[in-house]
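With this note's numbering applied, the sequence shown corresponds to residues -3 to 149, in that order.
For every residue, glycine included, the Cβ atom is placed at its ideal position computed from N, Cα and C.
None of the values given here were measured: they were computed from a predicted structure.
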Amino acid sequence: MDAETGTLDIIAVLTAQHRRLAAVLERCDGPATTAEDAATIKQALAAVGDHLAVEEAWLYPEVRIDVPHGQLWADRELAEHADAGKLIDELSSLHWKHWLFHPTLSTLRCHLDVHFAEEEQSLFPVLLQTCSRRRRLELGRQVVHADCLRAQA
Ligand SMILES: [Fe+2]
-3 MDAETGTLDI IAVLTAQHRR LAAVLERCDG PATTAEDAAT IKQALAAVGD
47 HLAVEEAWLY PEVRIDVPHG QLWADRELAE HADAGKLIDE LSSLHWKHWL
97 FHPTLSTLRC HLDVHFAEEE QSLFPVLLQT CSRRRRLELG RQVVHADCLR
147 AQA
């Protein structure tokens, strides 16, 4: 965090989002037994979709520019997002009482756990070295701003 402005850099913002989403998905990862559970899962899936969109808009374009082999790395991350998106689409098309719903949700959760860990352990440390602090703070502000706009919509 920037001591003067209280701004978080993009790595801190996205890592916090990972933690929140992982916790929400962990709470959801059991067979849904009520319509209320299903509504909570739907909200969690929307939050995952928002997070993926934010990374695609603000993180990966920067990775392409700043990180060695960034094109390859960004394409790999996008492919993982596409896999997550397919699982989210499948879940959206299934009734929560369908026998495939819970296994599909568990698969998504595992997929995201691996994806988040890879970003935090491999990608973010490189970005920390290659992207200036000023730029990381600027991107962090943009991500927070985009989240605020989405929350108001
Ligand atoms: Fe990602």
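Remark: C-beta atoms of Val63 and Thr126 approach each other more closely than 8 angstroms. CA-CA distance, Val50 to His98, rounds to 26 angstroms. For Gly66, the CB contacts under 8 angstroms within the same chain, skipping 5 residues up- and downstream, are Val59, Arg60 in chain order. Look at His65 here: in three-state DSSP terms it is coil, with no helix or strand label. Within the model, the alpha-carbon separation for Glu116 versus His77 is close to 15 angstroms. The C-beta of His14 has 16 or more other C-beta atoms within 10 Å across all chains shown, which makes the residue buried. The DSSP assignment places 120 to 126 as complete runs of the alpha helix (DSSP H) inside the stretch 101 to 132, in order along the chain (cut-off: 4 residues).
Comparing C-alpha distances from Ser88 to each of Gln148, Ala75, Leu104 shows the shortest one belongs to Leu104. Residue environment for Arg132: buried (at least 16 other C-beta atoms within 10 angstroms of its C-beta). Boundaries cannot be given for His94, as no alpha helix (DSSP H) includes it and DSSP labels it neither H nor E. The beta carbon of Ala75 sits closer than 6 angstroms to no other beta carbon from its chain once the five residues preceding and following it are set aside. Val122 and Arg129 have their C-alpha atoms spaced approximately 13 angstroms apart.
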